[in-house]
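Each remark here refers to the structure printed beneath this line.
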Amino acid sequence: MTEPKPRNPASSTTDRATSTTANGSKLRGFFVSALAWDAFLALMTLVPALVFTTLFFPGRANVDIGNQYAQATGDIPFSDWHPPVMSAVWRVLISITGEAGSLFVPKTWPLWIPALGLLVYAFGLRKNAIFAIVPIAVYIGYLLVKRLRSSRRFSTIAGRFGTRVGARFAARQVIATAMASLLVLVVLGAGLKATDAAIESQEDVAATGRVSQIFLDDVMFSVPNGALQASEAPAELKNKISTARDKCLEKGEIWDAYWSCYGKGATGEPFSPMAQQEALKDLWLSEVITHPLRYAEYRAAVFSFYFFTSAVEYWRAGWHHAAARVGFEQGNDKADYIVKPYVEDFALDTFPMLFKPWFWTLLAGVLLAFGYRARHRDTSAAERTATARTFWPEITMLATSALFYVFGYLPIVPSNHFRYTFWPALAVTTALLFVLAMRHTQRAPTAMDVSEPGP
Numbered sequence: 264m265t266e267p268k269p270r271n272p273a274s275s276t277t278d279r280a281t282s283t284t285a286n287g288s289k290l291r292g293f294f295v296s297a298l299a300w301d302a303f304l305a306l307m308t309l310v311p312a313l314v315f316t317t318l319f320f321p322g323r324a325n326v327d328i329g330n331q332y333a334q335a336t337g338d339i340p341f342s343d344w345h346p347p348v349m350s351a352v353w354r355v356l357i358s359i360t361g362e363a364g365s366l367f368v369p370k371t372w373p374l375w376i377p378a379l380g381l382l383v384y385a386f387g388l389r390k391n392a393i394f395a396i397v398p399i400a401v402y403i404g405y406l407l408v409k410r411l412r413s414s415r416r417f418s419t420i421a422g423r424f425g426t427r428v429g430a431r432f433a434a435r436q437v438i439a440t441a442m443a444s445l446l447v448l449v450v451l452g453a454g455l456k457a458t459d460a461a462i463e464s465q466e467d468v469a470a471t472g473r474v475s476q477i478f479l480d481d482v483m484f485s486v487p488n489g490a491l492q493a494s495e496a497p498a499e500l501k502n503k504i505s506t507a508r509d510k511c512l513e514k515g516e517i518w519d520a521y522w523s524c525y526g527k528g529a530t531g532e533p534f535s536p537m538a539q540q541e542a543l544k545d546l547w548l549s550e551v552i553t554h555p556l557r558y559a560e561y562r563a564a565v566f567s568f569y570f571f572t573s574a575v576e577y578w579r580a581g582w583h584h585a586a587a588r589v590g591f592e593q594g595n596d597k598a599d600y601i602v603k604p605y606v607e608d609f610a611l612d613t614f615p616m617l618f619k620p621w622f623w624t625l626l627a628g629v630l631l632a633f634g635y636r637a638r639h640r641d642t643s644a645a646e647r648t649a650t651a652r653t654f655w656p657e658i659t660m661l662a663t664s665a666l667f668y669v670f671g672y673l674p675i676v677p678s679n680h681f682r683y684t685f686w687p688a689l690a691v692t693t694a695l696l697f698v699l700a701m702r703h704t705q706r707a708p709t710a711m712d713v714s715e716p717g718p
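Numbering-wise (this note's numbering), the sequence shown opens with residue 264 and increments by one.
Below, the structure is given as structure tokens:
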């Protein structure tokens with residue numbers, strides 16, 4: 264009987280070391296894999312989402328949200344002070360889920376609803392969103408033209424008619440993109456009209472003439488009292504504007520007169536239509552736009568206030584009075600002890616620029632400048648990044664959308680609340696993430712080329 268040969272201790276140690284190295288390589292490979300990062304990012308998204316939903320459900324509501332909630336529940340009739348699409352969507356969600364907090368559901372629609380439908384909803388939700396949507400429409404038009412150029416059918420047609428067709432199309436790409444963008448805007452406009460018509464067919468939407476709120480501010484704060492009294496407007500209207508202006512000036516406010524000092528609408532209730540709207544419009548036409556320098560001075564003053572300052576960065580649980588009046592449930596007040604110190608005492612005190620429009624405008628401008636420079640790089644840089652994914656079209660779209668949104672408030676800005684800066688902050692932050700992703704994809708091929716051994 265042959266005795267088994269004793270194992271070499273050195274060989275056993277080598278095998279264990281090799282096995283450990285292999286396992287370590289697999290572990291490192293897993294942690295740097297796309298799957299691991301996807302799981303990590305999903306966890307980093309899901310956990311805060313659950314925490315915030317638990318703390319803030321069903322949500323914090325100001326007087327505007329309270330008014331739309333009352334419409335959604337049928338307690339008051341629909342009106343066009345706020346675009347009725349939000350109240351209509353909210354009513355459907357409440358009927359399905361039974362929860363007032365179900366309004367957050369549309370925030371998940373990008374996962375399964377075409378983006379075009381979301382743009383129609385956003386356009387209908389805030390009419391001034393057109394300023395932010397125009398660059399997005401241009402981007403979609405750019406993608407349509409790019410898709411057409413890369414299609415097999417276009418290549419076949421270009422090959423059939425010669426290179427002259429392709430060259431002519433390339434030379435007119437700007438025109439083609441503009442036409443495609445216009446088509447997207449037409450589709451969005453048609454979708455908006457169809458949505459409004461569908462809502463009005465089901466609900467009696469009361470007209471409030473909200474634009475009169477802008478006319479009121481312009482007349483009250485840009486027209487001198489002498490010119491106001493000398494106008495042909497009704498004496499009652501002139502006297503009310505003059506008296507209200509004194510009240511606003513005592514508060515140090517030259518904006519949002521409807522809420523601050525005018526006494527709201529004809530009934531004195533929030534969101535009620537103002538009396539003598541036609542007379543106010545005629546006064547605006549005769550005394551405001553006929554003095555463009557005076558008007559520009561006033562609007563520049565209000566826009567500067569909005570552009571360089573901020574307020575209402577955090578909606579406190581104690582500000583629940585308007586929501587309570589319409590029966591909106593009070594959420595968990597523990598959020599004020601957890602989140603408010605972070606927002607107001609840390610972020611606002613340490614990084615106040617994050618809440619100011621000027622900061623996001625500056626970043627958007629810098630991104631556009633870098634995007635312009637990237638399109639005019641030398642050929643060596645183009646060759647080096649030929650295989651890398653570029654996000655400059657997306658970055659340009661987001662930065663331009665943020666700029667359009669901010670400066671679109673120039674003739675209409677009502678206040679300096681942070682909610683009027685939320686979209687620029689979100690758009691520019693997303694653009695910065697695209698920049699980081701692009702830098703990563705551009706470094707990856709270079710690192711692989713360097714690490715590969717020679718033949």
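We put the CB at the ideal spot given by N, CA and C, even for glycine.
Residue burial classification, residue i (beta-carbon count within 10 angstroms, cutoff 16)
i: Trp623; result: buried
i: Ile438; result: exposed
i: Arg636; result: exposed
i: Arg579; result: exposed
i: Trp518; result: buried
i: Ala520; result: buried
i: Tyr402; result: buried
i: Arg508; result: buried
i: Ser664; result: buried
i: Met616; result: exposed
i: Lys619; result: buried
i: Ile552; result: exposed
i: Met701; result: buried
i: Trp397; result: It should be pointed out that residue 397 corresponds to Val in this sequence rather than to Trp. By the 10 Å Cβ count, Val397 comes out buried.
i: Tyr683; result: buried
i: Phe534; result: buried
i: His345; result: buried
i: Gly361; result: exposed
i: Gly531; result: exposed
i: Val691; result: buried
i: Pro687; result: buried
i: Leu366; result: buried
i: Asp612; result: exposed
i: Asp250; result: Residue 250 cannot be examined here, being either before or after the span of the chain that is shown, 264 to 718.
Neighbourhood of residue i by C-beta distance below 6 Å, restricted to the same chain and skipping five residues each side
i: Thr642; result: Only weak support exists for where Thr642 lies, its pLDDT of 43 falling under 50; the value from the coordinates is given anyway. None.
i: Arg354; result: Ala335
i: Ile675; result: Ile477
Inter-residue CB distance, residue i and residue j (contact presumed, cutoff 8 Å)
i: Val348; j: Ile477; result: Not a contact, Cβ separation roughly 21 Å.
i: Tyr668; j: Ala395; result: 4 Å
i: Asp343; j: Thr471; result: 6 Å
i: Lys501; j: Leu491; result: 6 Å
i: Ala443; j: Leu407; result: 4 Å
i: Ser485; j: Leu546; result: Ser485 to Leu546, Cβ: 11 Å. No contact.
i: Met679; j: Ala574; result: Residue identity check: residue 679 is Asn in the sequence provided, not Met. Indeed they touch by this definition, with Cβ atoms about 5 Å apart.
i: Glu550; j: Val482; result: 7 Å
i: Thr659; j: Leu626; result: Not a contact, Cβ separation roughly 13 Å.
i: Gly324; j: Ala586; result: Note that residue 324 is Ala in the sequence shown here, rather than Gly. That pair is a contact at about 4 Å.
i: Glu516; j: Ser523; result: 5 Å
i: Gly404; j: Val447; result: 6 Å
i: Leu455; j: Ala400; result: Rounded, the Cβ-Cβ distance is 13 Å, inconsistent with contact.
i: Gly528; j: Pro536; result: 5 Å
i: Leu673; j: Arg562; result: 6 Å
Which residues DSSP lists as bridging residue i, in chain order
i: His680; result: Ala574
i: Ala469; result: Ser342
CB contact below 8 Å: residue i versus chain D
i: Tyr569; result: Among the protein chains of the structure shown there is no chain D, as only one such chain exists.
Neighbourhood of residue i by C-beta distance below 7 Å, restricted to the same chain and skipping five residues each side
i: Ser350; result: Gln331, Gln334, Ala335, Phe341
i: Trp599; result: In the sequence as presented, Trp is not what sits at residue 599; that position holds Asp. Arg579, Ala580, listed in sequence order.
i: Ala363; result: Pro321, Tyr332, Ile357, Phe591, Glu592
i: Gly329; result: Ala585, Ala586, Arg588, Val589, Phe591
8 Å Cβ shell around residue i - same chain, five flanking residues per side excluded
i: Leu318; result: Gly594, Asn595, Lys597, Ala598, Ile601, Val602
i: Trp582; result: Arg323, Asn325
The ligand HEM heavy atom lying under 7 Å from the CB of residue i
i: Ala665; result: Among the ligands in the structure shown, none appear at all, so the ligand HEM cannot be discussed.
Quick check: the stretch 566-580 against the stretch 304-312, are at least 3 beta-carbon pairs closer than 8 Å? no
State whether the stretch 651-658 contacts the stretch 534-548, with contact taken as three or more CB pairs (one from each stretch) at a distance under 8 Å. no
When you compare the stretch 691-701 with the stretch 589-602, are there three or more beta-carbon pairs, one atom per stretch, that lie closer than 8 Å? no
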